[in-house]
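2 protein chains.
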Amino acid sequence: MARKPKTRSRTGCPVCVSLERFGDRWSLLIIRDLMVRGYRTFREFQNAGEGIATNVLSNRLRKLVAHEIITAVPSAEDGRSVHYRLTSKGIALAPVMLELLIWAARHEETAASCAFVDRMEKDREAVLAETYRRWEQRDLTPILPPFPPPTQVQRRKPTR
Amino acid sequence: MARKPKTRSRTGCPVCVSLERFGDRWSLLIIRDLMVRGYRTFREFQNAGEGIATNVLSNRLRKLVAHEIITAVPSAEDGRSVHYRLTSKGIALAPVMLELLIWAARHEETAASCAFVDRMEKDREAVLAETYRRWEQRDLTPILPPFPPPTQVQRRKPTR
DNA sequence: TAATTCACTTGCAAAATGCAAGCTAACTCG
DNA sequence: CGAGTTAGCTTGCATTTTGCAAGTGAATTA
């Protein structure tokens, strides 16, 4: 397999590389679903609420597999189904995801409750440990349920 | 001011909201330049190495201003020039940026040296404190210099 | 065996992006 | 003062990516 030459101008900046991997509107949502909602299948991502188009979903899954952020294995029970799962490289994005969540919850109007974010922010390590534990043990019980669309919203003062 | 209605399907999920703010290839690079390189002007962003098109740059700056992640103030010395600066909401993205940097440095081939990332990872709080300090004091000396394009690369084993 | 489900493709219109060129108000230099 | 230069954009246009609807084929269920 030839490497992507990409017309895109690359630098060795880590932030830049990260953005090349998942710097679009959908990749991180897929990773979120895998990480905190226990989703595994194409269908689950598709119905996740944000309404990703199937062609884009297919394309993103392929890219993430290519970059070894997720794996795709055929389901043992159902021959049609594929189970996607984060790799260790993928689950290592947990701190990024957590900080993203905390930032938005503190600075934007979101459906995350204050108490919830308080806990996240106070016990980062515990939240992360639990996330890693579920990943290792293939525990699919969601850490976060899907958030409802914005109706009643709340906001909190940032910590600093 | 009317709120953006946006055809885009929104949920109240914080991660989703974050992605709406800077989930594209360029916004976070602008934020990086403001945060760790001490850049302030249009011209500086334009020449930052990754080669953003001026129309896109203009558009992203406007969006970031609209969402109060950055401010734009006319330069006192030069009437043509505009100084962009992170707001407190913007500088609060420092932990996200740091985790992004650490992840890529650990899991992708980047120009960040091992020693450098080791320090970042070990002393997150100190790195963040220094970042906030520079922001508060308007200290423009860069924390990170621009990384060279990828030639010699190194990789490290992830911590966990 | 027929219908349904899953994980995709395909085709096409609409939007975003990349690229080059232009444009205007401020500067600088002589 | 006037000619050039610079900063920060905007415009036009071709290319790429996206969103949306409608398939497709293999596996499963009724």
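Sequence lines, in order, name chains A and B. Count the first sequence with my numbering and you get residues 294 to 453, in order. Count the second sequence with my numbering and you get residues 294 to 453, in order. Backbone N, C-alpha and C define an ideal beta-carbon position, used for all residues, glycine too. None of these values were measured; they are calculated from a predicted model.
Among the residues of its own chain, which have a CB less than 6 Å from the CB of residue i, if the five just before and after it don't count?
i, result
"L357 of chain A", "I363"
"T424 of chain B", "A387"
"E414 of chain A", "I395"
"L327 of chain A", "L379"
"A369 of chain B", "none"
"P307 of chain A", "none"
Counting only the same chain and skipping the five closest in sequence on each side, list residues whose C-beta sits under 7 Å from that of residue i.
i, result
"R353 of chain B", "W319, S320, I323"
"Q339 of chain B", "I345, T347, L350"
"K382 of chain B", "E361, I362"
"G331 of chain B", "L433, T434, P435"
"R325 of chain B", "M390"
Can you check whether the C-beta of residue i is within less than 8 Å of a C-beta belonging to chain A?
i, result
"S311 of chain B", "yes"
"L321 of chain B", "yes"
"H400 of chain B", "yes"
"G331 of chain B", "no"
"F440 of chain B", "yes"
"T434 of chain B", "no"
"R325 of chain B", "yes"
"A422 of chain B", "no"
"A385 of chain B", "yes"
Within the 8 Å Cβ cut-off, does residue i reach chain B?
i, result
"A397 of chain A", "yes"
"V308 of chain A", "yes"
"V446 of chain A", "In this predicted model, V446 of chain A has a pLDDT of only 37, less than 50, meaning its place in the structure is not dependable enough to derive any value."
"T364 of chain A", "no"
Which residues in chain A sit within 7 Å of residue i, going by Cβ to Cβ distance?
i, result
"G342 of chain B", "T304"
"K382 of chain B", "H400"
"T347 of chain B", "Those do not exist, as T347 of chain B stays about 15 Å from chain A at its closest Cβ, beyond 7 Å."
Check whether the Cβ atoms of residue i and residue j lie closer than 8 Å to each other.
i, j, result
"W428 of chain B", "L391 of chain B", "no"
"N329 of chain A", "L433 of chain A", "Note that residue 329 of chain A is Val in the sequence shown here, rather than Asn. Not a contact, by the Cβ cut-off of 8 Å."
"Y377 of chain B", "R333 of chain B", "yes"
"S278 of chain A", "A397 of chain B", "In this structure chain A extends from 294 to 453, so residue 278 of chain A is not present and cannot be described."
"E343 of chain A", "C309 of chain B", "yes"
"A404 of chain A", "F440 of chain A", "yes"
"V366 of chain B", "F335 of chain B", "no"
"V389 of chain B", "V420 of chain A", "no"
"D317 of chain A", "G316 of chain B", "yes"
Can you list the residues of chain B that residue i reaches, using a CB-CB cut of under 7 Å?
i, result
"E392 of chain A", "P388, V389, E392"
"A405 of chain A", "P307"
Can you name the residues of chain B whose CB is closer than 8 Å to the CB of residue i?
i, result
"D317 of chain A", "G316, D317, R318"
What residues in its chain sit with their C-beta under 8 Å from that of residue i, if we drop five residues either side in the sequence?
i, result
"F426 of chain A", "Looking at the sequence itself, residue 426 of chain A is Arg, so the reference to Phe does not match. Closer than 8 Å at Cβ, skipping near neighbours: D432."
"V410 of chain A", "L394, I395, A398, R399, R449"
"T444 of chain A", "Bear in mind that a pLDDT of 45 at T444 of chain A, under 50, signals an unreliable position, so the number given afterwards is only what the model happens to contain. Excluding positions up to five away in sequence, the list is empty."
"D416 of chain B", "none"
"R296 of chain A", "Confidence in R296 of chain A is poor, its pLDDT being 31 and thus under 50, which makes the residue's placement too unreliable to answer from."
Just to confirm the assignment: which complete alpha helix (DSSP H) runs, minimum length 4, are found wholly within the stretch 322 to 364 of chain A? With a minimum length of 4 residues, the continuous alpha helix (DSSP H) runs that stay inside the stretch 322 to 364 of chain A are 335 to 339, 347 to 359.
At 4 residues or longer, and completely inside the stretch 375 to 434 of chain B: list those alpha helix (DSSP H) runs for me, N to C. 381 to 384, 387 to 400, 407 to 415, 417 to 429
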